[in-house]
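Using this note's numbering, the letters of the sequence shown correspond one by one to residues 7 to 185.
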Amino acid sequence: GGDDRHDPADVAPVAETLMRLLVTGSHGYLGTALVQHLRQQGQTVLTCDLGWFQQDLLCPSQDEPPLFPCDVRQLPDDCGGAEAVLHLADLSNDLEGSVPATRFDEAFESTRALGEKCRQAAIPLVFASSCSVYGAASGTVVDERSELYPQTPYAEHKRRTEDALWEMPGLRLIILRLG
């Protein structure tokens with residue numbers, strides 16, 4: 007048998023409906039690839055990014071500046087008219103523990119404020135969290151019902167942010183624990 011893998015460009019769109027989507031962290035590691043994919047699917051994509059990784063884009067063909075070159079706290083209350091927000095903007099996994107706690111506090115407050123904007127405007131929010139919230143689970147299968155044991159400041163930050171978003175009444179929320 008041959009190689010059964012498929013080119014991601016050949017995958018049918020998940021939704022038949024075209025939407026106006028806001029991607030935060032649009033020029034980050036995941037954001038550049040996601041924006042490119044969504045646009046190939048015909049979606050209208052708004053972008054928000056501070057530009058910290060502008061010189062190191064994963065998909066260099068995305069050379070346009072972000073529509074909103076700002077912190078997510080500075081986005082308009084209606085998130086630019088987005089019908090859904092895909093929130094990737096955050097600190098990267100900090101394996102060495104070199105990120106000061108104040109940076110995690112800033113990232114937490116930014117996401118909390120974005121969640122509140124989405125709640126007020128009835129815009130669904132997809133939050134990119136991390137499977138690091140489970141901690142070390144050698145040989146054990148974990149899923150969304152598993153206990154959380156964050157073991158690094160980064161993982162604790164993600165857990166704390168998830169909790170704050172879940173506590174917002176009326177927020178239409180999806181959390182992705184990426185690994």
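For every residue, glycine included, the Cβ atom is placed at its ideal position computed from N, Cα and C. If you're wondering where the values come from, they're calculated on a predicted model, not measured in any experiment.
### Query
Any idea what DSSP makes of V105, helix, strand or coil?
coil
### Message
Which same chain residues end up closer than 6 Å to E89 when comparing Cβ atoms and leaving out the 5 residues on each side of it in sequence?
### Response
M25, R26
### Query
According to the neighbour-count rule (16 or more other Cβ atoms, all chains shown, within 10 Å of its Cβ), is D55 buried or exposed?
buried
### Query
Between the Cα of R118 and the Cα atoms of T38, A170, L40, L97, which residue gives the shortest distance?
A170
### Query
For L171, does the three-state DSSP call read helix, strand or coil?
For L171, the secondary structure class from DSSP, reduced to helix, strand or coil, is helix.
### Task
Using three-state DSSP, classify S32 as helix, strand or coil.
coil
### Message
Out of V147, P175, C124, which one is the CA nearest neighbour of V132?
### Response
Measuring C-alpha to C-alpha distances from V132 to each of V147, P175, C124 identifies C124 as the nearest.
### Query
Is there a Cβ from chain B that is less than 9 Å from the Cβ of R166?
No chain B is present in this structure, which holds just one protein chain.
### Query
Where E112 and V105 are concerned, what is the direct C-alpha to C-alpha distance, given to the nearest angstrom?
12 Å
### Task
For S32, count neighbouring Cβ atoms within 10 angstroms of its own Cβ and tell me buried if that reaches 16, exposed if not.
buried
### Query
Got a sec, what are the start and stop residues for the beta strand (DSSP E) T53 sits in?
50-54
### Task
Helix, strand or coil for V132, going by three-state DSSP, please let me know.
In the three-state DSSP reduction, V132 falls in the strand class (E or B).
### Message
By the DSSP assignment, the beta strand (DSSP E) with R183 in it spans what residues?
### Response
179-184
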